Amino acid sequence: MRKITLLAALAAATTLTAPAHAGSPDGKIQVKVLGSAVLPDGGISKIETLDTSTTLGSTLAGMGSVGTKANNNVVPTVAIEYFFTPAISVETICCFTQHHVSGTKALAGTDLVDHVLILPATVTLKAHLVNKTPFKPYVGVGPAWFFVFDEKPGDTAQALGIDKVRMSNKVGFALQGGVDVALGQSGFGLSLDAKKYWVKPTASFYDEDGTLALRTRHDLDPWVLSAGVSYRF
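The numbering of the sequence shown is my numbering, which starts it at 1 and goes up by one.
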């Protein structure tokens with residue numbers, strides 16, 4: 001325990017006395033603060049379960065073609081990137097985005113899910129174009145984990161006897177493209193970024209007795225378009 005305490009004290013002292021890393025357009029680490037437009041699809045790709053003994057199930061069974069869509073949102077995003085070489089880096093992003101799910105086609109005008117909070121944890125391996133200009137285009141690809149929190153049934157779902165709705169956490173992947181623009185030699189810059197996700201979670205609707213009335217699979221598949229400032233050091 002004493003050795004651990006001494007090592008911790010030594011590390012703290014080293015941190016306090018070490019010079020700060022100066023910003024540089026060629027630094028190993030880049031931090032971005034962005035505004036992101038999250039543009040999901042949300043359409044139904046498959047109805048996996050439909051219990052016609054429930055109010056919701058019997059209502060849907062008597063309808064024609066049904067569909068859903070999720071609303072767009074604009075959220076703050078933080079990205080942290082590490083450069084292995086000037087041409088290769090890895091980046092992770094973090095944000096929370098909130099959405100509602102409404103009906104389309106025969107369900108047009110209905111409110112199915114009132115609140116879905118999503119954390120789209122994403123890691124991408126990126127390839128950068130190395131050139132002598134401040135403009136550095138890049139492309140990337142990597143896995144995405146969509147964690148879903150705090151889902152609530154919408155007014156229409158509640159009116160049809162639904163007491164609880166659950167959306168599954170889901171793994172998908174993302175393709176990415178964008179450009180970083182260095183503003184001089186200070187490490188500051190601008191960033192434009194676009195990501196396309198392919199993620200297909202399920203939504204499960206339960207009535208007041210806990211019976212699964214409906215389970216649907218959705219093409220969430222959002223575009224995420226971002227712009228903001230960066231600092232590289």
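Ideal placement from N, C-alpha and C gives every residue a C-beta, glycine not left out.
Because the structure is a prediction, the values reported are computed rather than measured.
Quiz item: Between Asp221 and Lys196, what straight-line distance do the alpha-carbon atoms span, to the nearest angstrom?
Solution: Those two C-alpha atoms are separated by around 7 angstroms.
Self-check item: As assigned by DSSP and simplified to three states, the class of Ala121
Solution: Ala121 falls in the strand class under three-state DSSP.
Quiz prompt | Any beta strand (DSSP E) of 3 or more consecutive residues that is wholly inside the region 64 to 148 | solution = With a minimum length of 3 residues, the continuous beta strand (DSSP E) runs that stay inside the region 64 to 148 are 66 to 70, 73 to 85, 88 to 94, 97 to 105, 111 to 128.
Quiz item: Quick one: Cα of Ser89 to Cα of Pro120, how far?
Solution: When rounded, the distance between both Cα atoms is 20 angstroms.
Quiz item: Expressed to the nearest angstrom, what Euclidean distance is found between the alpha-carbon atoms of Thr124 and Gly184?
Solution: Roughly 26 angstroms between the two C-alpha positions.
Quiz item: Who does Ala174 pair with in a DSSP beta bridge?
Solution: The beta-bridge partner set that DSSP reports for Ala174 consists of Gly142, Tyr197.
Quiz prompt | First through last residue of the beta strand (DSSP E) which encompasses Ala213 | solution = From DSSP, the beta strand (DSSP E) with Ala213 extends over 212 to 219.
Quiz item: DSSP state of Asp155, grouped into three classes?
Solution: Shown here, Asp155 sits in a helix according to DSSP, grouped into three states.
Quiz item: Does DSSP put Gly23 in a helix, a strand or coil?
Solution: If DSSP states are grouped into helix, strand and coil, Gly23 belongs with coil.
Quiz item: DSSP on Gly42, reduced to helix/strand/coil?
Solution: Gly42 falls in the coil class under three-state DSSP.
Exercise. Round the Cβ separation of Gly67 and Thr104 to the nearest angstrom and send it over; I've been treating them as touching at under 8 angstroms.
Key: Contact holds; Cβ gap of about 4 angstroms.
Quiz item: To the nearest whole angstrom, what separates the beta carbons of Ala61 and Val101, a pair I think is in contact under 8 angstroms?
Solution: About 20 angstroms; that fails the 8 angstroms criterion.
Quiz item: What are the start and end residues of the beta strand (DSSP E) that includes Thr202?
Solution: Thr202: member of the beta strand (DSSP E) spanning 202 to 207, first to last residue.
Practice problem: Could you say which of Val31, Ala22, Ser45, Leu39 lies nearest to Thr202 if we only look at CA atoms? | Solution: For Thr202, the closest alpha carbon among the candidates Val31, Ala22, Ser45, Leu39 is that of Ser45.
Exercise. Can you tell me which of the three DSSP states Gly189 falls into?
Key: Here Gly189 sits in strand by DSSP.
Quiz item: How many angstroms separate the CA atom of Leu212 from the CA atom of Tyr206?
Solution: Distance between the alpha carbons of Leu212 and Tyr206 is about 5 angstroms.
Practice problem: Have a look at the DSSP bridge pairing and note the partners of Lys28. | Solution: Lys28 is not bridged by DSSP to any residue.
Quiz item: Using the rule of at least 16 other Cβ atoms within 10 Å of the residue's Cβ for burial, across every protein chain shown, is Glu208 buried or exposed?
Solution: Of the residues assessed, Glu208 falls on the exposed side of the cut-off, its CB having fewer than 16 other CB atoms within 10 angstroms.
Quiz item: Would the beta-carbon of Ser204 fall within 8 angstroms of that of Ser230?
Solution: No; because the gap between Cβ atoms is not below 8 angstroms, this pair is not in contact.
Self-check item: Thr54 (DSSP reduced to helix, strand or coil)
Solution: The answer is coil: DSSP assigns Thr54 none of H, G, I, E or B.
Quiz item: Would you call Lys126 buried or exposed, if buried means 16 or more other Cβ atoms sit within 10 Å of its Cβ?
Solution: With 16 or more other Cβ atoms within 10 Å, it is buried.
Exercise. Consult DSSP for Leu234 and reduce its assignment to one of helix, strand or coil.
Key: Lying outside 1 to 233, the shown extent of the chain, residue 234 is not represented and no answer is given.
Exercise. Determine the DSSP secondary structure at Ser230, reduced to helix, strand or coil.
Key: Assignment of Ser230 by DSSP, reduced to helix, strand and coil, places it in the strand class.
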